[in-house]
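Report on the following structure.
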Amino acid sequence: MTAAAVELTPRQRTWSSFRRNPLGVASGILLILLALVAICAPLIAPFPEGYGADTSQPPSAAHWFGTDDIGQDVFAQVVWGTRVSMAVGVSASVLAIVIGLLIGVCAAYFRRLDTPLGVLVDLSLSLPVLPLMILVAALAGPSVRTLAVVIALFSWPEVARVVRSQALAIVPMPFVSAAKVVGGSSLWIVRKHLLPGVIPVVGVSVVLTTSRAVLSEAGLSFLGLGDPNSWSWGTILHKAQQSGALASAWWTTLFPSLAILLLVLSTTLLSVAYNDARNHRSDT
Numbered sequence: 005m006t007a008a009a010v011e012l013t014p015r016q017r018t019w020s021s022f023r024r025n026p027l028g029v030a031s032g033i034l035l036i037l038l039a040l041v042a043i044c045a046p047l048i049a050p051f052p053e054g055y056g057a058d059t060s061q062p063p064s065a066a067h068w069f070g071t072d073d074i075g076q077d078v079f080a081q082v083v084w085g086t087r088v089s090m091a092v093g094v095s096a097s098v099l100a101i102v103i104g105l106l107i108g109v110c111a112a113y114f115r116r117l118d119t120p121l122g123v124l125v126d127l128s129l130s131l132p133v134l135p136l137m138i139l140v141a142a143l144a145g146p147s148v149r150t151l152a153v154v155i156a157l158f159s160w161p162e163v164a165r166v167v168r169s170q171a172l173a174i175v176p177m178p179f180v181s182a183a184k185v186v187g188g189s190s191l192w193i194v195r196k197h198l199l200p201g202v203i204p205v206v207g208v209s210v211v212l213t214t215s216r217a218v219l220s221e222a223g224l225s226f227l228g229l230g231d232p233n234s235w236s237w238g239t240i241l242h243k244a245q246q247s248g249a250l251a252s253a254w255w256t257t258l259f260p261s262l263a264i265l266l267l268v269l270s271t272t273l274l275s276v277a278y279n280d281a282r283n284h285r286s287d288t
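For the record, in the sequence shown the residue sitting at position 125 is 129 according to my numbering, with numbers rising by one throughout.
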């Protein structure tokens, strides 16, 4: 058995360790289900629009999550809100990861850039993020694309710091020095050696950054800075607050809040499980 374990590649050992973590597996399954709900929203529920006859009805067989003050089905709102919230979260996360990855790798490999880029990262981390997000989103105008870009622009510094610390441990490695000796260009060395070495850390950052982006989108939309022509979990809470349903119709806020909680909890547990599996802590 020991010989078989030695023959496993790092990726296989990580997967073998991860699948023995029930919380991590359950979190991954939940995220996949949320992604399927977002993709298949038109097949699950009609787009919530217009007015309905059953206003402010509690959950029932006809309306699983109840209805709001104008008779719209809350279940349909949550389903379509999953699509927008996940789209904003994933797109903002990808953009933030790209920016943070480039800056973190450049700061670690090109030592002359380390100080100015480090100052830029520290300055960005010290800024009051939420007020600046509100200001930029208000000036740029409410739209799904605007929210994704605004959230990404304030999310990349944490990614850059993590990537830089990981890349700093790779730069002194002998294979990097050997690549320089044989005449490898900086771009080739970064692409062939540094990027593969920091990808595992980026994998954790993608999950965590997505959950933070969803939370940021929900907060901005709750404040009325979301796209008024689309649904997101934050938009549902915003409209419930505007109509006064926060106190009189608990179901209009409970289900979108549970959706946000489930996504954030599952992403956190998944990132912890993946990080433990990558470090093979369960095997020690």
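Don't be surprised by glycine CBs; every beta carbon is placed ideally from N, CA and C.
All of these numbers come straight from a predicted model, not from anything done at the bench.
Within 10 angstroms of the beta-carbon of V123 lie fewer than 16 other beta-carbons, which makes it exposed. DSSP places P46 inside the alpha helix (DSSP H), whose first and last residues are 45 to 48.
Residue environment for V166: buried (at least 16 other C-beta atoms within 10 angstroms of its C-beta). When beta bridges are read from the DSSP output, D77 appears opposite T71. DSSP places W255 within a helical segment (H, G or I) once states are collapsed to three. DSSP, reduced to helix, strand and coil, places T59 outside both helices and strands of the structure shown, so it counts as coil. Residue environment analysis places K243 among the buried positions, since at least 16 neighbouring C-beta atoms fall within 10 angstroms of its C-beta. With a cut-off of 8 Å on Cβ pairs, the segment 50 to 70 is not in contact with the segment 109 to 128, counting fewer than three such pairs. Between A45 and V92, the CB-CB gap reaches or exceeds 9 Å.
When DSSP states are grouped into helix, strand and coil, S128 belongs to the helix group. In the assembly as shown, W192 is an exposed residue. Its beta-carbon has fewer than 16 other beta-carbons within 10 Å. Within the segment 82 to 141, the complete alpha helix (DSSP H) runs of at least 4 residues fall at 115 to 130. Inter-segment contact for the segment 224 to 241 and the segment 195 to 215 is absent: fewer than three beta-carbon pairs are separated by less than 8 Å. Taken through DSSP and simplified to helix, strand or coil, A171 comes out as helix. When only Cα atoms are considered, N25 and N283 end up about 13 Å apart. Membership of A244 in the alpha helix (DSSP H) is indicated by the continuous run 237 to 247. Within the model, the alpha-carbon separation for G85 versus F179 is close to 48 Å. With a 10 Å radius around the Cβ and a threshold of 16 neighbouring Cβ atoms, Y55 comes out exposed. The alpha-carbon separation between R23 and L266 amounts to approximately 20 Å. The residue among V202, R87, V175 with its C-alpha nearest the C-alpha of V163 is V202.
Under the 10 Å beta carbon count, T256 is surrounded by 16 or more other beta carbons and is classified as buried.
For T214, the uninterrupted alpha helix (DSSP H) run begins and ends at 199 to 226, by DSSP. Judged by beta-carbon spacing, V78 lies beyond the 9 Å limit of P232, meaning their Cβ atoms are not closer than that value.
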